[in-house]
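There are 2 protein chains.
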Amino acid sequence: MSGTTEAIVCARDSRPDPCSLCAARHLSVCNVLAEDGLRRLNSISDHQDFGAGEILVREGDPATNLFNITSGAVRVYKLLPDGRRQIVGFLFSGDFLGLATGDRYAFSAEALSTGSACRFQKKSYRKMLVEQPDLETALLDRASHELQAAHNQMLLLGRKTAVERLASFLADLAARDRRAGGAGRIIQLPMTRAEIADYLGLTTETVSRVTSRLKTRGVIRLLSLHSLSIEKPAELAELAGLDAGDGA
Amino acid sequence: MSGTTEAIVCARDSRPDPCSLCAARHLSVCNVLAEDGLRRLNSISDHQDFGAGEILVREGDPATNLFNITSGAVRVYKLLPDGRRQIVGFLFSGDFLGLATGDRYAFSAEALSTGSACRFQKKSYRKMLVEQPDLETALLDRASHELQAAHNQMLLLGRKTAVERLASFLADLAARDRRAGGAGRIIQLPMTRAEIADYLGLTTETVSRVTSRLKTRGVIRLLSLHSLSIEKPAELAELAGLDAGDGA
DNA sequence: CTGCATCGTTGATCTGCGTCAAGCCTGTAT
DNA sequence: ATACAGGCTTGACGCAGATCAACGATGCAG
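Going down the list, the sequences are from chains U and D.
Quick note on my numbering: the first sequence kicks off at 289 and runs consecutively.
Quick note on my numbering: the second sequence kicks off at 289 and runs consecutively.
Printed below as a string of structure tokens:
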């Protein structure tokens, strides 16, 4: 969206301050940094534009880089030797890539669409964290949220039916849209059915069938292959298993 | 194991230093703290002994406490309204409980066996983190590892077969035993089959059947209901899907 | 030792989702 | 426009694991 503008800014030599122009800044961990912190962060960062399908991180490679996604979308996944794939998350503008990382990447990350990211050397970033405790706190908060999301996904993958999985997925996207200031009614699906399937532990066929069922029931309406409207949010939430939350 | 000793130490008024006697210390985040840090930590902590089945945390309650497990075992789980349960993790001595927490607990935690924990007020702990950046770094590292483990579990729940799930589970327990200094051959299972099932996204019957199959194949040998010996570690690892790791 | 409750195992049957297969839709290149 | 490729949908069928059911093991209370 604002990718070209950023690229131009970064290409200029007398850049005023890339971070202050960054559209993702208020969504990202960087927003806890003051003027000098941003300058310092900027000095250790690289701007990277990527095209659809481009690989940012490959499972098993030495974990040298960390990323802050500034635009576009990314899929993060793990593979079994025979090719079975589990997508562990989709990242969007403002998301941090590289939290769950030891010496080597335990996941791969590929661009879903064109986009851009700030890239850091892990070493420099760690040094930065020592100097900027606020940033470390912000990262810890992120990690907590991601861990919570991972737990929810474990519940989904371990115990929910196909309908519940898709409903949960759509409800999550709606919630994300609301957090970004939208109404949570029109949902964009920048990923393919195969990717949704690999995220939900299903097959493309099942995702397709369940989508049709929700459509027939009038819960959703397809606007195009990659966007839909939620017609009955309450029913969707119920299907997702969000009514009571806990039996208590 | 050392529960009674600790209880006696904590009951004494002129305690020399509970932390320095804590058997879980070298396994826990506290090990990054110096003398004064430990004293400070101790001053904001409560010791809590618990019996089997005791509830430490209930999903949906205000998240006021954080815990450091010092002995025993704990199951952490989430429920669907109709009672379906997903265990998101088992915690043992040295593990931290409460990382993935917002204002309210998003999970429940119950003692699997008798044991003990250091309990902190979340508020005091957060203050402590500001004063002790090393502790915050250690927590961030923990969170990273947990997130990685969660991703592995997502792969397991979303894409592995029943045999692969159980094999992965046993291989994980073996790895944990090795990390704790054991040989990784004799595995303790302090949980029931139902709990293993709810952790692996299966039913008790399937866990039982698959266990039998592994036994018949000679991969494992049951020593009792709650302990077994790994007879063919290599075969177990292969069944778990750990041979190649990534298809690259 | 006896009784009882809980947990675990094994078998028979069922079913939700995967697999296989065919056809359709969408976008892009010529 | 036309053709092609990749993605999506729908149908028929099969199977891994769930469900239902019965029985055996374990451990605790009296």
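Positions of the beta carbon are idealized from the N, C-alpha and C atoms, including for glycine.
Being a predicted model, the structure only gives us computed values, none of them experimental.
Which of helix, strand or coil DSSP assigns to residue i
i	result
S401 (chain U)	coil
P306 (chain D)	helix
D301 (chain D)	Note that D301 (chain D) scores a pLDDT of 45, beneath 50, so its modelled location is shaky; the value from the coordinates is reported in the next line. Coil, per DSSP.
T425 (chain D)	helix
S432 (chain U)	helix
L443 (chain U)	helix
R372 (chain U)	coil
L490 (chain U)	coil
L321 (chain D)	coil
L385 (chain D)	strand
S412 (chain D)	helix
T499 (chain D)	helix
A468 (chain D)	coil
T292 (chain D)	Because T292 (chain D) sits at a pLDDT of 43, beneath the cut-off of 50, its placement in the model cannot be relied upon, and the point is left open.
L524 (chain D)	helix
A438 (chain D)	helix
A311 (chain D)	coil
T449 (chain D)	coil
T504 (chain U)	helix
S316 (chain U)	coil
DSSP bridge partner residues for residue i (one or two, in chain order)
i	result
S517 (chain D)	D:I474, D:R509
I357 (chain U)	U:A405
F378 (chain D)	D:R363
H335 (chain U)	U:C406
I343 (chain D)	D:E398
R392 (chain U)	U:P350
L530 (chain U)	Answer by DSSP bridge pairing: none, since L530 (chain U) is not bridged.
Cβ-Cβ distance between residue i and residue j below 9 Å
i	j	result
A431 (chain D)	S432 (chain U)	yes
Q374 (chain D)	G446 (chain U)	yes
M442 (chain U)	M416 (chain D)	no
L387 (chain D)	L458 (chain D)	no
T425 (chain D)	E424 (chain U)	yes
Q336 (chain U)	L329 (chain U)	no
F384 (chain D)	F355 (chain D)	yes
A361 (chain U)	L400 (chain U)	yes
E342 (chain D)	E398 (chain D)	yes
G506 (chain U)	E519 (chain U)	yes
R414 (chain D)	S333 (chain D)	no
A438 (chain U)	F338 (chain U)	no
A462 (chain D)	T402 (chain D)	no
Cutoff 8 Å; reference residue i; Cβ partners in own chain excluding five residues on either side
i	result
D486 (chain U)	Y365, R373, Q374, I375
S371 (chain D)	One detail in the question is off: residue 371 (chain D) reads as Gly in this sequence, not Ser. Same-chain partners within the cutoff: there are none.
R464 (chain D)	F380
L427 (chain D)	V317, F384, L387, L417
D349 (chain U)	R392, Y393
L511 (chain U)	I474, S517
V451 (chain D)	V498, R501, L502, L527
K448 (chain U)	S456, G529
Neighbourhood of residue i by C-beta distance below 7 Å, restricted to the same chain and skipping five residues each side
i	result
G390 (chain U)	A351
T480 (chain U)	none
D429 (chain U)	none
E347 (chain U)	K366, L367, Y393, A394, F395, S396
Q476 (chain D)	H514, S515
L315 (chain U)	S381, G382
R313 (chain U)	C307, N319
S412 (chain D)	I332
Own chain residues within Cβ distance below 6 Å of residue i, not counting five before or after
i	result
L444 (chain U)	R453, S456
I474 (chain D)	S517
I484 (chain U)	V495
G325 (chain D)	Q420
G466 (chain D)	Here residue 466 (chain D) is Arg; the residue named in the question, Gly, does not match the sequence. Hits under 6 Å: G472.
N353 (chain U)	R407
G489 (chain U)	L445
A482 (chain D)	T492
D422 (chain D)	V320
message = Any C-beta of chain U within less than 8 Å: which residues of the region 415 to 446 of chain D qualify?
response = Correct list: L417, V418, P421, E424, T425, L427, L428, A431, S432, H433, E434, L435, Q436, A438, H439, N440, Q441, M442, L443, L445, G446.
request  = Using a Cβ-Cβ cut-off of less than 9 Å, list which residues of the region 366 to 385 of chain D approach chain U; keep chain order.
outcome  = From the region 366 to 385 of chain D, only K366, L367, L368, P369, D370, G371, R372, R373, Q374, I375, V376, G377 have a Cβ closer than 9 Å to chain U.
task = Note down, in chain order, all residues in the region 490 to 512 of chain D with a beta-carbon under 9 Å from any beta-carbon belonging to chain U.
result = Against chain U - using a Cβ distance shorter than 9 Å - the residues of the region 490 to 512 of chain D are L490.
query = For the region 386 to 407 of chain D, which residues have a beta carbon sitting closer than 8 Å to at least one beta carbon of chain U?
reply = Residues passing the 8 Å Cβ filter: L387, A388, T389, G390, A394, F395, S396.
Interface residues of the region 467 to 481 of chain U facing chain D [CB-CB below 9 Å] = Of all residues in the region 467 to 481 of chain U, none has a Cβ within less than 9 Å of some Cβ in chain D.
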